[in-house]
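First residue of the sequence shown: 11, per the working numbering; consecutive thereafter. I have placed the structure first, in the form of C-alpha cells, so that the comments after it can refer back to it.
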Amino acid sequence: MATDTLFVIGLMMVVSLTWALLALPRLRKRLPKIYLIARSWWLMLAALCACYVIAKITDNSQPSQPPTYPYQWMLIAFFVLIGLRGSYEIKRLWCIRNKAVLIHKLQARGLQANTQPFSQTLPHSPQAYTRLNLLDLFFSFTFITLIVSLIALQQLIWQREQYGVLFFVLFASQFNDIAQYLCGRLLGHKLFKRGLAPTISPNKSIEGAIFGSMLAALLATLLGIWLTHFSWWICLLAAYGLAVSGIAGDLLESAFKRQHGVKDTGTMLAGHGGVLDRVDSLLIGVPLFTLFYWLLG
C-alpha cells in the first residue's frame with residue numbers, strides 16, 4: 011500500500027477517534043470548544059481525503075498508454091469551492107450591511123466584542139460598500155493566488171506521480187499553527203516582553219513564532235521524509251520556509267480582519283471561524299512552494 015494511502019487512513023482514524031472521545035458527554039461538557047474544533051477538523055479532512063482518493067483513481071483501459079486520472083476534477087472542485095467560499099467571506103466584509111450581520115452573529119456566539127458601530131447607523135442601500143484600500147486588494151490577490159497555486163500544485167503532483175507532496179505541504183502549515191499555539195502558551199512573553207505584532211495580533215508571541223516554527227519544521231520534515239521523494243535537508247528547508255511564511259500569512263489575515271473590525275471571517279467552521287481563518291497559514295507558503303516545485307522539479 012502506498013505511503014500516501016496509509017497516511018490518509020491513519021489520519022482519518024486518529025481524527026475520528028479523537029472526535030469520538032470528545033463526544034463523550036462528560037468530555038463534551040467540559041471541553042465544548044475543543045469538541046467543536048475536532049468536529050470541524052473531521053469534516054474538513056473527510057472532504058479533502060475523499061476528494062483525494064477519488065482523484066487518484068486511474069483509468070488503465072489502454073495498457074499501452076500511461077494511466078490517466080479521469081476524476082482529477084474532484085480535487086480541483088474542492089479547491090474551487092474553497093476559493094468561492096473565501097471570496098464570499100471577503101466580499102461580505104466589503105458590504106457594510108453584510109458585515110453588520112456577521113458581527114451580530116459573532117456577538118451572539120460570544121466571538122466578538124460589542125465595539126462595532128454598524129448597528130447604530132446603517133446605510134439605506136443594501137449595496138453600500140466600503141472603500142477598498144491596498145490591504146484589501148493585496149489580501150484578495152493573495153487569496154486568489156493561493157487557490158490557483160493549489161490547483162497548479164495538484165496538476166504538477168499528478169503529472170510527476172509524487173502524491174505525498176500535497177499532504178506534506180498542507181500539513182507542514184497546519185503543524186505550524188499547532189506548534190505556535192503550544193509554544194506560545196508555554197513560553198509566551200518569558201523571553202521577550204513585547205509581542206510579535208501587538209497592533210495586529212496581540213496574542214502572538216515572539217517565543218511562539220521562533221520555537222513553534224522550529225518544532226513544526228522538525229515534525230513536517232519527518233512527515234516529508236516518509237511521504238515524499240525529497241532528501242531530508244530539502245524537507246527541512248521546505249518545512250521551515252512553510253512555517254515562516256505561515257506566520258506571515260497569519261499576520262496578513264489578522265491585519266485584514268482588524269481593519270474590518272471582526273475577530274473571525276465567518277462562523278461556517280465551528281471552533282475555527284471562516285474558511286479564510288483556516289487557510290491563512292497557506293496564503294504565502296503554498297504559492298512560493300508551488301513556484302519552486304515547478305522550477306526545480
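Beta carbons are placed, not taken as given, at the ideal position from N, Cα and C, and that holds for glycine.
Limits of the unbroken beta strand (DSSP E) element including residue i
i, result
"Asn186", "Segment 174-197 is the alpha helix (DSSP H) holding Asn186; no beta strand (DSSP E) there."
Close beta carbons around residue i, own chain, < 8 Å, minus the five adjacent residues each side
i, result
"Asp287", "Glu263, Asp274, Thr275, Gly276, Leu279"
"Tyr79", "Ala65, Lys66, Ile67, Thr68, Asp69, Trp168"
"Gln130", "Residue placement at Gln130 cannot be trusted, given a pLDDT of 43 that sits under 50; what the coordinates show is reported in the next sentence. The answer is none, since no qualifying residue turns up."
"Cys59", "Val18, Leu21, Met22"
Inter-residue Cα distance where the pair is residue i and residue j
i, j, result
"Pro212", "Lys203", "12 Å"
"Thr155", "Ala30", "36 Å"
"Val272", "Ala12", "43 Å"
"Leu246", "Met84", "30 Å"
"Leu301", "Gly256", "16 Å"
"Ile210", "Gln122", "16 Å"
"Leu32", "Lys43", "10 Å"
"Glu99", "Gly284", "8 Å"
"Leu8", "Ser71", "Only positions 11 to 307 of the chain appear in this structure, which leaves residue 8 out of reach."
"Ser26", "Pro208", "36 Å"
"Trp52", "Leu166", "27 Å"
"Gly205", "Arg268", "16 Å"
"His282", "Arg49", "10 Å"
Top-ranked residue by Cα proximity to residue i, from the options
i, options, result
"Val63", "Ile92, Trp236, Asp187, Phe177", "Phe177"
"Val289", "Ile92, Phe266, Leu233", "Ile92"
"Ile220", "Leu112, His114, Leu196", "Leu196"
"Ala258", "His282, Leu292, Ile244, Leu228", "Leu292"
"Leu192", "His114, Ile216, Met22", "Ile216"
"Ile86", "Gly295, Ala162, Leu237, Phe266", "Ala162"
"Arg95", "Asp146, Phe153, Ala118, Leu53", "Phe153"
Extent of the continuous alpha helix (DSSP H) to which residue i belongs
i, result
"Ser215", "Counting along the chain, Ser215 falls outside any alpha helix (DSSP H), though it belongs to the beta strand (DSSP E) covering 211-215."
"Gly205", "Careful: Gly205 lies outside any alpha helix (DSSP H), inside the beta strand (DSSP E) at 205-207."
"Pro8", "As shown, the chain starts at 11 and ends at 307. That puts residue 8 outside it, with no answer to give."
"His270", "242-270"
"Tyr303", "295-306"
"Ala110", "106-118"
"Ala30", "13-32"
"Asp287", "285-289"
"Ser150", "144-170"
With 16 other Cβ atoms within 10 Å as the buried cut-off, status of residue i
i, result
"Lys200", "exposed"
"Gln75", "exposed"
"Pro77", "exposed"
"Pro35", "exposed"
"Ser159", "buried"
"Ser241", "exposed"
Sequence-distant residues of the same chain with beta carbon closer than 6 Å to residue i, five excluded per side
i, result
"Ala226", "Phe185, Asn186, Ala189, Ala253"
"Pro127", "Summary for Pro127: the model assigns pLDDT 45, below 50, so the residue's position carries little reliability; its value from the coordinates is reported in the next sentence. Result list for Pro127: empty, nothing under 6 Å."
"Cys105", "Tyr139"
"Ala230", "Ala182, Phe185, Ala249"
"Leu37", "none"
"Tyr45", "Leu32, Arg38"
"Leu103", "Lys109, His270"
"Phe299", "Val179"
Own chain partners of residue i with C-beta closer than 7 Å, once the 5 adjacent residues on each side are dropped
i, result
"His239", "Gln172"
"Leu180", "none"
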